[in-house]
Structure formats: structure tokens, C-alpha cells
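Inspection log for the structure reproduced underneath, given as C-alpha cells.
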Amino acid sequence: MPFRFSHVCQLLTDLESVVTHDPPYLTKTRDEELKRKIEYWFRCHRKAIDLGEVDGVALLSTLLPEKRADRVYGLQEARLCKVIARCLRLNKANTKILQDWKKSGHGGLGGCVQRILKELDCERKPGPPVTIEELDMTLHTLASRCRFSDPAVRLNDASTSVDELIGQLFRRLNSVEAKWLTRLILKNFSPVEINYDQVIFEFHFLLPGLLRFQDSFTAAVAQLRTSFAHYPSKPNNDIQRAAWTAASTLFSPVIGVKVGRQTFVKARSMQHCITLCGTQAWSVERKYDGEFCEVHIDLSKGENCIQIFSKSSKDSTADRHALHATLKECLRIGTRRCAFQNQCILVGEVVVWSDAQQRILEFHHLRKHISRSGVFLGREEDSQIEPGEHLMIVFFDIISLDDEILLRKPYKERRQRLKEVVRCKAGYAITSERSILDFRQPKRAQDQLCYQFAAALVNRCEGLVLKPLDMPYFTSEGDTRENGRGYVIKLKKDYLHELGEMRDIADFAVVGASYDHKLVPKSGIRTIKYTTFHLACCVNKERSVRFKERPRFRVIGVIDANQCIPQTELQALNSYFKFHQLPTATAPFSNPEARPITFDLESERCSRTQIDSLLTEPCVVEVLGSGFVRSPNAGYYTPRHPRILKLHLDRGWQDACTFQELQEMAESQRLPAENESQEILDLLKKLQGKFQRKVERECSTPSSFRSRKLPSSFSTIHPGQHSSSPSPSSLIRQNTERTKETRVNFRTNRNGDSAKNSGVVAREILESRDDNSKEDGLRPRTPTCSMTTELSSGFVSKRPASGFWVSSVDKRQKSTKPASIVTSNAGALSPVDRNVVFRSSFSQQNFSRVRSRGSRIESCGETHKGLSSQPMAVMTPLCRNESCPLSKSMIFLSPCVQGFHWVSDTLLKWHGSKQVLSLAQWSADDNTTQQCSRALRENLTTFAHHKLVLVETNRLDATFQCVSEVKSLRVRDPVLFFDWRILEDLWAFEIEEHQAEGRVREEILERRYFGLTCWSADKVVFWHKDLVKMPTEWLDT
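Taking the numbering used here, the leading residue of the sequence shown gets 471, the next gets one more, and so forth.
Given below as C-alpha cells:
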């Protein structure tokens, strides 16, 4: 039996009465009343729904029209108003009433239709009552006439005109039903907002889970009518839990039907993000600024095996035809090396890659490469496609592979399968780069997360996406914070309040406003006159201020009340407009002398007719954006996703951002930073502000460190030290003043003025440190760096085109893929711990084993009287391995390591390494540096001598400072950076009669390898170990 449309209209009317109740309900009461109305309506029609008398797809499409993204009717208010007037044969008076839909308080176009037809409700309607099945078929036919509908919808015959399709429905409806039909065509029941989750659950308790695997009403309802027909639609709670457990195992994705999206949660601060992550391991990935896509491959279809879905579930295979050849190549379709036999489903992001700039281009470049149903929109003011610009796909997940449903697998397993399926091609198809963070160590994870986020922003990414490593793509019952399931966390710059002014914040002038009835319910204010406000920038500020020229403003964008304006600021803006507005219809623009407004408007995108009211004097609002973007058909940048933070009545339009300043701000955020490391440090100071203050408090509180129990591998109790020995922290505090006197700034300028005598000064400093340590019985403290923040992640830069070696010749080779996310296994000790802890990689068993072999080793730890001032004796015999790479290297010790006698006086001598006391001796711009007794200058070195720098990787701020010194001195030869513990590791193998040869030796070096600097494009660049592996050529020279 067909289901009448009047039943649906009755539900919508009941919901509207709750939303528009006067006085308004409290939010909780209103939500409960809406929920009760929906439950009661489904209970009344349960029998018809369960017996199959109702077309489930038609019912869901009628109640949730916004979910039918595949249907585009091409009828907005202006055009639909004319169509309805023709269909109903309205006279001039009623047509004028119908055209008042733009005015506030008229209920939109649907309310105007109801007022016109209310007089005709007493008349008998021609024809049978309208059913939802007939209505759904009519709307489907109407959508088939629009070229922007889904390709599957456009296959239907559309010979009937629009007026005939709509007219035969409106003439059979009363005024209330006509109102809801109008809103149904517009896909907006405003002021009613139907709860999507409740409706699909009330329809059938299995439908929410099915829609996550098959995001289509047609496919999901078909499954309910066939595979799950024996399940009741609304059982009691006990039966429902048991039935859900049994049925959810049968859910599976289907080729040709888009899979639902994961649940995303926005992190509002770094601390909020840490809280959301809990204590599990997460994969941190950069958020690329592109368009989501879901790729379905069905090899049984032959040449047409590729199908691509957009985020809205629309089939965009034809629009993204430029990706087809790339997909076939990277998935090896049609070859024996293809990783699947029948089908697969992959998830990725489509971006634009530039071969000339070797980077991912901004979001607005996509509209030059991707059409919308065969039409390129909004690119009238865009530049032409440059040579070397093309689409690239970034894969980040795989859902299905042949008969294996991978979305039930943990993310780490899915990424491994993705690596096996996809063969990356630089610039065309890659997998998203990621880093693994273990939040069981929250302090260390916070450092790493802050650094990864800062590095992503410096490389002009949107932010980060965090995915739980051990969770499936989603669970059938849903992923929310309440049930602890695997939701995905979004971390973007505009979300974080701690960044303050480092976010994209600027003051803009508001010159006009307009009204949109659909936004009134979303604003939370019933009696509101304006919902949309027009932002503008002055284009002649200097001439206006200096020469009193009439200011000219260019409208650069609009901000509406849909979650973009706080309710208090929306009320304040409406109050301001109440006393300073001038309707555009009455503004005498033709006569400049008669204008009551004090400025002129010039707009390329927004004509004056789109502004309902102008301000006599612009007001200033503080706007937060999510980066900058070129709006469609505009040749300039505007804030992306702008939101008003505050109305500033104490500021004039002269204090607002000018058009030129806006473009300069956007340009600075568009291009990669020139000084990446400095910008990263600036961001980290903001992100870790609270964390830094906590560390400083701990540094000033001696008891907090005395009572701290350190890990065994970082123990401050060395062999021979009594447990009651004075703590290193207390001894360090006793020697603070003397240590400050011995600090030295190792950074030299490019002119070499301070580099000339740096070797002698460094030697004197070391000798003074030795004297100080002998006097106080204290191992010298490492110099304190300018920044106290301790990081647990690596250094980020761009990756070279191929291989490691970049010669001194300017090849200008750049990255073939975006900069990698850097991983690190650095420790999580505080700065004071890292300064005072003397780490040894060997256990006491290693020491006893060495003694048994006849080697004489003295204790390098503290005694019960204090720390020993004597360095460890040189072990005998010396390194006799001719292939030891350290014996053929010149080594510079970073300031964090120079004070360790165990390293400088024992291990280096044992390996026969040559120590360089100053980096200035490697400078390529200064060959006048005096040669020290224990060092070699660069112009005296031979190919057999390699440059190594030993650093303390647990103090990354000091390590980066050392890297910056090498870069500033323009050392042309490759300089390799290792953790200083490489000396201990190789020493252990030699003492235990293990020859560190071949694979074993390389494994030791790779484990302690940190990165390298090399000469490229007339400058020194640094590559982290995750970007460029350790070269092996130097081991054989």
C-alpha cells in the first residue's frame, strides 16, 4: 500500500511546532521533545514499514533529502519561485507575495507558498493523494535533467518539462503540504532539523551499521530486505544486543558503493589532543590540502575497472579521468605484479603537484584540473596550467582487497598491505608519510607531537591527522569518544588557542549585511535581521589618511551565522546595524555628493544587489581563518573558512587590514619558510609554553630532582659509586657560577672574525674546565643552549631527488615528494637530567668481562666522596682494526659532549680519531684559520679523512644549534652527524674480539646515525636520517 506524503508532513509540522514554540524550550527539553515526536511517529507506522508496504528508500530520501547528494535539481529559491508562480498560474498580487521570501519573518519560500494556497484549502484537489513513492520518482526524474547529478541518475529519460513535473504535484497538495514540498526540493526543512542518527535507527536498528559499510540508502535498504530480512526492525534491548553482535559480522563493503567515512574529532589544544589520545599508540600523518577520494577497482569490468567517489558519495570518475593512467600504473593493473586478482578499495587525497617547484600546490589549483560534471567552475581569474603541473594521489588507507575485508584489521596492518599493493611514483602517486607516537609515555609523546605539528605547518600543510594504530577503520557500532572507539583526531593551526597571534588572524572592515532565512535557526536567535556580513579591505588607505581621499573598499568575502559567528557577537553586529544601516535600495549611488555613506565600494565578486544594507561607517571585526585561498573567479587571496572572533567598536577602519596587507600575508603563508628551523622553534615556544614553564619550575626546585628515580640506562650511579653519594644536581648547583664563566658561544660569522682564534679559545676553555673539575671533584657541565625546550623528534628538511650524494657542483636537484615526517627514538628526560646524567651503554657485566680479558679500566663514576675527577684510563691495546671508519675521520664534539673526558680523552684516542676543536677550521669561506695541534683545516684534508660530528641526540635543541653552525660556516664537504655512543658501541665489539666488519659494522653505524649536511644549490642543507639513509661509500675509502 503506498505511503501518503501527508504522513511525513504531519511529522514535520509537529517538529516545527516544537522548534518554534513560544516561549522557547530549553535546549535539553527541546531535544527530548523532538526525540519523543520521532519515536512516536515511527511507532505509529511501524507495521507498514516492516511489512514492506513502504518504499524504504523513498521514505528515507523524503525525511533526509540532504543525504541524496547524487540528486541535483538545479532549482534554488529564485528560479523555483518563478516555476511555482507559473505552475499555480498566480496573479500579479500573489506573485508579489511569493517574491517576499527574501524578507525576514516570512518563513522563506515555503512559508510564502503556504500563505498563498491557504485560501484554497477548502477546495477539492484534483487527482489522488500524493504518495512518497510518486514524489520520489518525480524528484528522481527532475534530477536526471540536471548535468550536475550523479551519472547513474542522469541515465533516466527526462522528456517531461520541469513545469509539468512540479505543477502536477503542487496542484494536488494543500497549503501545508505544498510548504514542505517546496522545502524538500530545496533540501532544507529549516527551521526543522531532523536528527539523522535517530531516524535511521528508528527505521531499523541495523541500518546505522550498514550505512557505515555501504553509504547508500538503496544498497543498505536492499540488504535489510534480503540478507537481514529475518531480523526484527526494533527488538527489545536484550534481543537487540545479541542480534547486533551476530549481524554486524556480516557487514561488508561492496564494490561500486562508497564506504562511510571515519569519525573525526577536533583537538582544541595540544593538551586536549594528548587527552584524546589516551595511552595507546597513534599514527601521526600530515593533512594534505586536497580533495578526498575513494578508489574502487573491479578488474572484471576490463578497461572501465576504475570508479572514483568524492567525499559527498558522488561518482566523480569522469571528472578525475587524469588519475586513471596513474592508478593503473601504480597499482600495476594488467600485469603479473598486480597485488590483487579481482578487486580492491583504496582511500586517498587528490592534490596538485608541480614538477618545477617540487611541491604540492595550493588547494585552489585543483579547480583547474578537476571539472564538476564536465564543467570547470570558478577559474575565470586563475592562471593557465603551468608545464609540469598535474594531479597526484596520496594514498593513506586500504579498505578491501579481493575477498578480504581489511577495514576490520588494525591500522598498522592496513598500512602494511597498502605498501604491498601500491607502487609509489614520485610526483604522481605516493603513500602518506607518518610517524608513530606511543602515548604511554605522554611527556615524550607531547614533545614529538609538538615538533611534528610545527614541522607540518612550516612545510605549509594544513596540520596533522592522528589515527589509532591498533584500531580498525571503524567499528560497526560507531566510533565516538564516549565508547572509546577508534575515532580520528584532526589537529589544525586555527584550532589551537595557544598559538595566539601566530594563527591567521586579522582585522577586517564590515561594510554591509544581508539576510538568509535558512541560517536563522542555526544562529540560535529568533528575532534577527541580518545573518550574513560582508568583509572588505581598503585599497587606498595611505591616500585616504594623508590626502583625505574618499576611502574605497573591496569586498573580499562574506561570513554567515552558520557556526562562524558567536551568538554574542552576532547580536552585537545586529545592534550596530540597527543604528548605522542604509538599505541599498535607497542609497543614492548615482550622486556621490548626496551619499550618506562615507566610502565607495568596488567589488568583483559581490555586487551591491547582494547586500541588503550598507553601513554609513564600516565597523571592524577580528577574523580567524584557516589559511588563505583564492576564491572562485577572483584573482586575489581571501581568508579560508573565516570566523568572527570579536567586534571591535573601539577601532576604526584605518586599523583594519588593507587589501595589500592581506595579499602579503597570504603570500608569506603560501611559500615555504626560508629559515625552517627558526620558524619551527618559534612555533614550539608557543605550543610548549606551559610545558616549558613546568620544566623551569622543576629546574628551580632541587627536591624534585633529588627524589626522581631515573631509568636504569640513564642511571647517575656509576660503577664504584656509593648510593649515598651527593647527587649530580646538588653538585651542579654548587658549580653553577664557575660553569657560567666557562661557557663559550661556538657560533661564528661568515666573515671569519671570531673563527680565527676559536680553536685556541676552545682549547683554553677545555683546560679551564679540567681545572674546575679537579678543584671541585665535578665532571664539567655541558654548555646551556639558548633554548630550554627539549625535543624528542628529528630535524625536517626537503628530500633530494635521488640517492644520497650531492656534489659541490650546483645541480639544483629538489624533492620529488613532500618532506617526510620525522621519527625519533630520543629519550624523554628533562633538560636538567640530560645535562647531569652520564650515560654508559654498557652494563656492569660488560665491565667485568673486559677486566677478565686483561684490560685495565678504572671507574669513571662518583665515589662516596664525590664525583671522580680522573678520566678513564686509555684501554690497551688500541684499536687494531684497519677498517675502523673512525680512525680515518676528523671528529668534532658538540658542546654537549665536549666535557665528557670518557669521550674526548679515552674513546677518541683509543680509536685513533683526529679531533677538531672548532668548526671554524672546516669553514669553506675562511682559509686563514690557524691550525691547532690536534686538528686539521679543511684545505689540508685528504679524501681519506671524513668529517664527523658527535652529538647528544637526547638534547635536540643543542644538536640543531650545532647543525646551524655547520650550515652557517658553509662547510662544502659532507659532514655526518652521529650520536656519541657510537664510540662505545664500536669499542665494545673490538674489546670482545668482534670485528665490526661488513653488515655488523654498518648496523652499528646506522643505529647511531643522525643525519648529514652537504653542499647543494650554493648553500649547505641538512638531511635527517629519515630523509636520507647513511651513505656507505665512505666506509670503503
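Even for Gly, the Cβ is constructed at its ideal location relative to N, Cα and C.
How big is the Cα-Cα spacing for M972 and C1007?
To locate residue 972, count along the sequence shown from 1; it is residue 502. To locate residue 1007, count along the sequence shown from 1; it is residue 537. Computed Cα separation, rounded: 21 Å.
If you compare alpha carbons, which of Q684, Q693 and S697 is closest to P723?
Position 253 of the sequence shown holds residue 723. Closest by alpha carbon: Q684.
Given this structure, state the Cα-to-Cα distance separating L907 from Y1479, to the nearest angstrom.
Numbered from 1 along the sequence shown, position 437 holds the residue referred to as residue 907. Numbered from 1 along the sequence shown, position 1009 holds the residue referred to as residue 1479. L907 and Y1479 have their alpha carbons spaced roughly 20 Å apart.
For Q811, the three-state DSSP class (helix, strand or coil)
Numbered from 1 along the sequence shown, position 341 holds the residue referred to as residue 811. In this structure, Q811 counts as coil in the three-state DSSP scheme.
For T499 and T1079, the rounded distance between their alpha carbons
Taking the sequence shown and counting its residues from 1, the one referred to as residue 1079 is at position 609. Taking the sequence shown and counting its residues from 1, the one referred to as residue 499 is at position 29. Note on T1079: pLDDT 47, under 50, position unreliable in the model; no value is reported.
If I follow the unbroken alpha helix (DSSP H) through A528, where does it start and stop?
Start at 1 with the first residue of the sequence shown, and residue 528 comes out as number 58. Unbroken alpha helix (DSSP H) run through A528: G526 to L533.
Start-to-end residues for the alpha helix (DSSP H) that takes in P912
Within the sequence shown, the letter at position 442 stands for residue 912. Taken as a continuous stretch (DSSP letters only), the alpha helix (DSSP H) holding P912 covers P912 to V928.
Considering R904, what are the terminal residues of the beta strand (DSSP E) in which it resides?
Position 434 of the sequence shown, counted from the first residue, corresponds to residue 904. Its beta strand (DSSP E) spans residues R904 to D908.
Return the CA-CA distance between S753 and D1496, expressed in angstroms with no decimal places.
Along the sequence shown, read from residue 1 onward, the residue named residue 753 stands at position 283. Along the sequence shown, read from residue 1 onward, the residue named residue 1496 stands at position 1026. Their backbone Cα atoms lie some 16 Å apart in a straight line.
Buried or exposed by the 16-neighbour rule on C-beta atoms within 10 Å, applied to L1071
Along the sequence shown, read from residue 1 onward, the residue named residue 1071 stands at position 601. Per the 10 Å Cβ criterion, buried.
Within 10 Å of its beta-carbon, does S1294 have 16 or more other beta-carbons around it, so buried, or fewer, so exposed?
Position 824 of the sequence shown, counted from the first residue, corresponds to residue 1294. Reliability of the predicted coordinates at S1294 is poor, the pLDDT of 37 falling under 50, and no value is obtained from them.
When the Cα of F866 is compared with those of R849, Q886 and N1044, which residue comes out closest?
Numbered from 1 along the sequence shown, position 396 holds the residue referred to as residue 866. The shortest Cα separation from F866 among R849, Q886 and N1044 belongs to Q886.
What would DSSP say about P596, mapped onto helix, strand or coil?
On the sequence shown, residue 596 is found 126 positions in, with the first residue counted as 1. Three-state DSSP puts P596 in coil, outside helix and strand.
Do you know whose CA, among L966, L558, L1040 and L720, lies nearest K992's CA?
Here residue 992 corresponds to residue number 522 of the sequence shown, with the count starting at 1. Nearest option by C-alpha distance: L1040.
Who pairs with E819 in a beta bridge, going by DSSP?
Along the sequence shown, one-based indexing puts residue 819 at 349. Under DSSP, E819 takes part in a beta bridge, and its partners are F762 and V864.
Taking Cβ positions, are K537 and F659 nearer each other than 9 Å?
The count along the sequence shown starts at 1 and reaches residue 537 at position 67. The count along the sequence shown starts at 1 and reaches residue 659 at position 189. In this structure, F659 does not lie closer than 9 Å to K537 by Cβ.
Taking the Cβ atom as the reference point for each residue, do E799 and S824 lie within a distance shorter than 9 Å?
For the purposes of this step, residue 799 is identified with residue 329 of the sequence shown, where counting begins at 1. For the purposes of this step, residue 824 is identified with residue 354 of the sequence shown, where counting begins at 1. No; because the gap between Cβ atoms is not below 9 Å, this pair is not in contact.
Output the boundary residues of the beta strand (DSSP E) element that contains H1416.
To locate residue 1416, count along the sequence shown from 1; it is residue 946. Unbroken beta strand (DSSP E) run through H1416: H1416 to V1421.
Under 8 Å by Cβ, that's how I've got D986 and A1126 pegged, so tell me the actual separation to the nearest angstrom.
On the sequence shown, residue 986 is found 516 positions in, with the first residue counted as 1. On the sequence shown, residue 1126 is found 656 positions in, with the first residue counted as 1. Contact between D986 and A1126 does not hold, since the beta-carbon distance rounds to 25 Å and is not under 8 Å.
Can you round the beta-carbon distance between T1002 and A983 to whole angstroms, since I take them to be within the 8 Å contact cut?
One-based indexing of the sequence shown puts residue 1002 at position 532. One-based indexing of the sequence shown puts residue 983 at position 513. Going by Cβ atoms, the distance from T1002 to A983 rounds to 6 Å, so yes, they are a contact pair.
For the beta strand (DSSP E) containing T1002, list its first residue and its last residue.
Counted from its first residue, the sequence shown places residue 1002 at position 532. From DSSP, the beta strand (DSSP E) with T1002 extends over T1002 to C1008.
Alpha carbon to alpha carbon, how far is E603 from I508?
Your numbering for residue 603 matches position 133 in the sequence shown. Your numbering for residue 508 matches position 38 in the sequence shown. Cα to Cα, the separation comes out at about 21 Å.
Pick helix, strand or coil for I875, following the three-state DSSP scheme.
Walking along the sequence shown from the start, residue 875 turns up at place 405. Strand at I875.
Go ahead and pull the three-state DSSP assignment for E890.
Your numbering for residue 890 matches position 420 in the sequence shown. Of the three classes helix, strand and coil, the one that applies to E890 here is helix, per DSSP.
Which class does E851 belong to by DSSP, given the choice of helix, strand or coil?
Looking up residue 851 in the sequence shown gives position 381. E851: coil per DSSP, three-state reduction.
I'd like to confirm the pairing. Which residues does DSSP put opposite L1482 in its beta bridges?
Residue 1482 sits at position 1012 when you count from the first residue of the sequence shown. Paired residues: L1446 and W1493.
By alpha-carbon positions, which one of T1128, K784, D872 and Y1106 ends up nearest to S1014?
Within the sequence shown, numbered from 1, the residue matching residue 1014 stands at position 544. With respect to the C-alpha of S1014, the residue from T1128, K784, D872 and Y1106 having the closest C-alpha is T1128.
Start-to-end residues for the beta strand (DSSP E) that takes in T1089
Against the sequence shown, residue 1089 aligns to sequence position 619. According to the sequence provided, residue 1089 is Cys. The question's Thr does not apply to it. Where C1089 is concerned, the enclosing beta strand (DSSP E) stretches over S1083 to G1095.
Would you call the region 868 to 877 and the region 1115 to 1126 in contact, with 3 or more CB pairs under 8 Å?
The region 868 to 877, when compared against the region 1115 to 1126, does not touch it at the 8 Å Cβ threshold.
Leaving out five residues on either side along the sequence, give the residues of the same chain with a beta carbon under 6 Å from the beta carbon of A915.
Working through the sequence shown from its first residue, we reach residue 915 at position 445. The residues are L907 and F909.
According to the Cβ coordinates, are S1359 and K1417 closer than 9 Å?
For this step, residue 1359 is matched to residue 889 along the sequence shown. For this step, residue 1417 is matched to residue 947 along the sequence shown. Yes, the Cβ-Cβ distance between S1359 and K1417 is below 9 Å.
Within the chosen definition, does the region 618 to 625 reach the region 784 to 804 through at least 3 CB pairs nearer than 8 Å?
Yes, since at least three Cβ pairs between the region 618 to 625 and the region 784 to 804 fall closer than 8 Å, the two stretches touch.
Is Q546 helix, strand or coil by DSSP?
Here residue 546 is taken as the residue at index 76 of the sequence shown, counted from 1. Here Q546 sits in coil by DSSP.
Closest by C-alpha distance to S703, when choosing among K781, Q854, K728 and R513:
Along the sequence shown, one-based indexing puts residue 703 at 233. Residue nearest to S703 within the set K781, Q854, K728 and R513 is R513 (criterion: CA-CA distance).
Helix, strand or coil for V724, going by three-state DSSP, please let me know.
Residue mapping note: residue 724 aligns to position 254 of the sequence shown, counting from 1. In the three-state reduction of the DSSP assignment, V724 falls in the coil class, being assigned neither a helical nor a strand state.
Within a Cβ cutoff of 8 Å, which residues of the same chain sit near R738, ignoring the five residues on either side of it in sequence?
Along the sequence shown, read from residue 1 onward, the residue named residue 738 stands at position 268. Counting only Cβ-Cβ distances below 8 Å, and skipping sequence neighbours, we find Y965, L966 and H967.
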